[in-house]
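Before any comments, here is the structure.
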Amino acid sequence: MIIKLYAGEGKPGGRAVSVANLGCSAAYNWDYPAALSGAPAAGIDVWPLVQLTDGSRDRFLAWAREHPISHVMIENEPFAQKNLTPAQAARRVNEEILPAVNQCCPQARRVVGGFLVQYPVLYPAIRGRARELVQGIGAGGDVIAFHLYLNESPRMDEVAPLAEWFRRQVEGIAKDWPLFAVTEWGVLHCGYSGRDVPALEEYMRRTWDALLSRDCYAAAWYIAAPNRFVSAFADMALCHDNGAPKPLGLTYRELPLAKPVIEPEPAQPPPEGEEWTVFVDHSWQTAGRTWHALVRSKGVME
């Protein structure tokens, strides 16, 4: 089970909220045991995300017995990621997920869907499947969630048309679903070069404004770095240097500078006594494999 942390600030009434994902290393800098308890003093709420994966029901039951829950998320594009039709996905949600939700947090508001709209796809292309799944699980009064993604980081001259694409999708979604959330939006693959950062910052400003203008219930800007869940840039974007979470306005309005590009290995051998060394900066595991981020450094070897 994935747990998402939402900080309810930034919009009158606290309806529009920002997110950090416990799968991202940034979240581990937070005092997440306190956050998982609700930590009202910190303004942090916890919405568990229950997926169509083996064991998620048992993990959810165990977690829900220990923590108050205001919202429960039932999403992650089930029929796309599991090759299920909307009817098959609805049946699994009804049989495997909703009984646990109704048992442990019957008062929690449900956030359902996670329907993916990835540029240049338009919302009408997935409207029918979304409606079929929502109707199949009786989610007409729930918050309906969408994921709006670019494939890669935009250049500055691309920001305006891409932000307009985003605005139009939000406009169409809002007309169909009075209670809607965009629980993931951003860029799927980013290099975060110095060129990327100003363009990303401008794209964030424009898309965030588009969500606020349409009374979005909740919003989560997702940073998918080259190594996905383990990203020093995500740490910088979501947290201060001391690990404290940044306020929503700062997170959405001001990106940190990208880390300097590592100097490439020189074509000529280094001077005598000076060599290039390679060390493991950090490691992570995904899909059953261990990956290592390597950093080269030049210095005098002892």
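The numbering of the sequence shown is the numbering used here, which starts it at 605 and goes up by one. Just so you know, even glycine gets a beta-carbon here, dropped at the ideal spot from N, CA and C. For clarity, every value in this text was computed on a predicted model and none was experimentally measured.
* Asked: Taking just the CA atoms, how far does residue 670 sit from residue 632?
  -> Any reading at residue 632 needs caution, since the residue's pLDDT is 44, under 50, leaving its predicted position unreliable; the model's value is listed next. C-alpha separation (whole angstroms): 20 angstroms.
* What runs of the alpha helix (DSSP H), each 4 residues or longer, lie entirely inside the region 718 to 788? -> 728 to 740 and 760 to 780
* To do: Report yes if the C-beta of residue 806 is less than 6 angstroms from at least one heavy atom of the ligand GTP; otherwise report no.
  => Absence of the ligand GTP from the depicted structure is noted, as is the absence of any ligand whatsoever, leaving it without description.
* Asked: What are the boundary residues of the alpha helix (DSSP H) that residue 705 is part of?
  -> 702 to 708
* Between the Cα of residue 702 and the Cα atoms of 787, 665, 726 and 724, which residue gives the shortest distance? -> 665
* Asked: Going by beta carbon distance, what residues of the same chain come within less than 8 angstroms of residue 762, once the five residues before and after it are set aside?
  -> 803
* Alpha carbon to alpha carbon, what distance is there between residue 787 and residue 747? -> 11 angstroms
* Asked: In its own chain, which residues sit with a C-beta less than 6 angstroms from the C-beta of residue 753, not counting the 5 before and 5 after it?
  -> 722 and 792
* To do: In angstroms with no decimal places, state the Cα-to-Cα distance between residue 817 and residue 782.
  => 13 angstroms
* Host alpha helix (DSSP H) of residue 712 (start-end) -> Element bounds for residue 712: n/a, residue is neither H nor E.
* Quick one: what does DSSP say residue 665 is sitting in, helix, strand or coil? -> helix
* To do: For residue 853, count neighbouring Cβ atoms within 10 angstroms of its own Cβ and tell me buried if that reaches 16, exposed if not.
  => Unreliable placement is indicated for residue 853, whose pLDDT of 47 sits below 50; the coordinate value is still reported in the next sentence. Residue 853 comes out exposed.
* Asked: Between the region 725 to 744 and the region 769 to 780, do at least 3 Cβ pairs fall closer than 8 angstroms?
  -> yes
* Asked: Taking Cβ to Cβ, would you say residue 814 is nearer than 7 angstroms to residue 772?
  -> no
* Whose C-alpha, out of 716, 755 and 805, is nearest the C-alpha of residue 740? -> 716
* **Residue interval of the alpha helix (DSSP H) (run including residue 696)** => 690 to 696
* Comparing alpha-carbon positions, which option in 694, 651, 695 and 692 lies nearest residue 674? -> 651
* Between 749, 824 and 767, which lies nearest to residue 810 when the distance is taken from Cα to Cα? -> 767
* To do: Look at residue 668 and residue 708 and say whether their C-beta atoms are less than 7 angstroms apart.
  => yes
* Grab the span of the beta strand (DSSP E) containing residue 678 for me, first residue to last. => 675 to 678
* Asked: Which partner residues does residue 823 have in the DSSP bridge list?
  -> 786
* To do: Report buried or exposed for residue 759, applying the criterion of at least 16 other Cβ atoms within 10 angstroms of its Cβ.
  => exposed
* To do: Out of 700, 790, 712 and 820, state which residue places its alpha-carbon closest to the alpha-carbon of residue 755.
  => 790
* **Distance CB(residue 751)-CB(residue 718) smaller than 7 angstroms** => yes
* Asked: Since residue 714 contacts residue 678 with CB under 8 angstroms, what's their CB separation in whole angstroms?
  -> 6 angstroms
* With a CB to CB cut of under 8 angstroms and the five nearest residues on each side skipped, what residues in its chain are close to residue 730? -> 719, 720 and 721
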